[in-house]
Every structure is written in structure tokens, then in C-alpha cells.
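Residue numbers (the working numbering): 1357 to 1598.
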């Protein structure tokens, strides 16, 4: 499913995860700086369209997934109560194909039903990939009760409804996500996926066109449009773009 790359981009910001209450010392500031450095490296990799899955030979590659994971896990061992470190470790473990390890770290972050939207989004993503839509649905609903105005939670819940083939619920969640601040181009693309699932290809085409209009370098929407060249609006856009 095409939600994945945008979910990871959102989570990579780690905006909702901070350190647990600790005395502000050089020691507690150090992991924050190291997490920022690791995130900057990882986000540069995402910007190139690569991920941990596509380069594992060494740091001369876009990203050495195993090397990055070792570094982050060492950070987590040194600072086990720093939530940004734990969240980054979970993210990199997931990208390295270690979903079980990632799930364990995320479950620790989510223990006690605390407001941890990024952790819930990634954990629900893993549950979706495992085919456990009930777990994903429960996690997201719990977090939405704690943080009802988080656009990413609504957008991820839309993905669950998409997999459940509940188009009406998915579209409703996308409306909320957009109203709460999810990028319009991103929501338009996801809305197109839902409409395409309903065989409403003309409407889906218009959504993909809207996404590309808002973000011309949006390759995922461009790819969907290329599969719809039999439709007049998409074909017309192809002619203009060519």
C-alpha cells in the first residue's frame, strides 16, 4: 500500500517524542544531539528516495542500515529512558526489516496509554503489514482519544479503513486530516487511492492531478496517472506534461 513512505516521513520527525523528565545535564543533552545527527542523515536518505532496505554495504552508500541500527541501539542502551532515542531505534529497526524488535520498542513507548502518536502510527503500520487490522484500529482510536487533533493519526486510520475496504470511513478520516493540517497534496493522493479502490477512476484521476499540481515532483501520483492514460483528464495532463 502506498501510505508507507509518507507515514515514515512523518514519523522521522519524531515531533511527539521527547525525553522523559531528567535533570538537564551535558549527559542528557548529548543523546539529543546524536539523535538529531542520525535523523538528519536518515532524512537526507529519504529525500533521495532510498531507504535502509536499498543500501547496506557501508557508509559510502546512501545509508548503512546495520551500522545506523547498531549506533542507535547503543544509544538506547546508554539512555534507555530517552523516548526520542527509543523511537528512533524503533524506526530504524523497522526500516531494517526487524519488525519484531521495532514492535517491542514501540510497545514500551505506548505502555500505559500515553499520548505517543508517532509510536502509535508506526506500531499500527506494522500491525497492518501483519494483517492485524484490529490491533491497528485499537491503537489509533486510543491515541485519537488522547490527541484528537493529530492529523497523522487520522490519516493513518484512513489507511486502516482503506484496507478494510471501508471507503466512506477512509474518506471521512482524510477530510479530518486535511482540516487539521495534513499536506493537501498528500491527502489528495490518498483520497485518489480510496476512489480508485472503489473503481471511481475519473474521480481518482482528478485527485492525482490535484496532488501533482500542488507538488509537481510527486512521483507516486505521477505513476498512478500513467496508469490512467485511457481517461481523458489524465491523457490531457500527459500531453501537457510531455
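All C-beta atoms in this analysis are idealised placements derived from N, C-alpha and C, irrespective of residue type, glycine included. All of these numbers come straight from a predicted model, not from anything done at the bench.
#1: Using only the alpha-carbon positions, how far apart do residue 1579 and residue 1448 sit?
#2: In three-state DSSP terms, what is residue 1488?
#3: Compare the C-alpha of residue 1528 against each of 1520, 1521, 1514 and name the closest.
#4: In three-state terms, what does DSSP make of residue 1438?
#5: Which of the three DSSP states is assigned to residue 1452 in this structure?
#6: Within this structure, are the beta carbons of residue 1548 and residue 1533 separated by less than 8 Å?
#7: Restricting to Cα atoms, I'd like to know which of 1573, 1572, 1516, 1545 is closest to residue 1562.
#8: Contact defined as beta carbons within less than 8 Å: I believe residue 1435 pairs with residue 1441. What is the distance between those atoms, to the nearest angstrom?
#9: Within 10 Å of its beta-carbon, does residue 1458 have 16 or more other beta-carbons around it, so buried, or fewer, so exposed?
#10: Can you look up residue 1423 in the DSSP assignment and give me helix, strand or coil?
#11: Following a CB-centred definition, is residue 1518 positioned closer than 7 Å to any heavy atom of the ligand COA?
#12: Please determine, among 1443, 1554, 1446, 1452, the residue with the shortest C-alpha to C-alpha distance to residue 1423.
#13: Less than 8 Å between the C-beta atoms of residue 1510 and residue 1536, yes or no?
#14: Considering only their Cβ atoms, is the gap separating residue 1523 from residue 1543 smaller than 8 Å?
#15: Per DSSP, what kind of secondary structure is residue 1555 in: helix, strand or coil?
#16: Looking only at its own chain, which residues have a Cβ that is under 7 Å from the Cβ of residue 1425, when we skip the five neighbours before and after it?
#17: Which term fits residue 1564, buried or exposed, when burial requires 16 or more other beta carbons within 10 angstroms of its beta carbon?
#18: What does the alpha-carbon distance come out to for the pair residue 1582 and residue 1590?
#19: Can you name, in chain order, every residue of its own chain whose Cβ lies under 7 Å from the Cβ of residue 1540, other than the five neighbours on each side?
#20: Are the Cβ atoms of residue 1438 and residue 1471 separated by less than 8 Å?
#21: To the nearest angstrom, how far is it from the Cα of residue 1338 to the Cα of residue 1431?
This is what the structure gives:
#1: Their backbone Cα atoms lie some 27 Å apart in a straight line.
#2: Coil at residue 1488, not helix or strand.
#3: Residue 1528 has its Cα closest to that of 1514, out of 1520, 1521, 1514.
#4: Residue 1438 falls in the strand class under three-state DSSP.
#5: DSSP places residue 1452 in coil when its eight states are reduced to three.
#6: Contact check for residue 1548 against residue 1533 fails: the beta carbons are separated by 8 Å or more.
#7: It is 1545 whose Cα lies nearest to the Cα of residue 1562.
#8: Yes, they are in contact, since the Cβ atoms of residue 1435 and residue 1441 sit about 5 Å apart, within 8 Å.
#9: With 16 or more other Cβ atoms within 10 Å, it is buried.
#10: Of the three classes helix, strand and coil, the one that applies to residue 1423 here is helix, per DSSP.
#11: With respect to small molecules bound, the structure shown includes none, and the ligand COA cannot be examined in it.
#12: The option with the nearest alpha carbon to residue 1423 is 1452.
#13: Yes, they are a contact pair.
#14: No, they are not a contact pair.
#15: Residue state, collapsed to three classes: coil.
#16: Cβ within range, chain order: 1448, 1449, 1452.
#17: Here residue 1564 is buried. Its C-beta has 16 or more other C-beta atoms within 10 Å.
#18: Their backbone Cα atoms lie some 8 Å apart in a straight line.
#19: Correct list, in chain order: 1534, 1570.
#20: Not a contact, by the Cβ cut-off of 8 Å.
#21: Since the first and last residues shown for the chain are 1357 and 1598, residue 1338 lies out of range.
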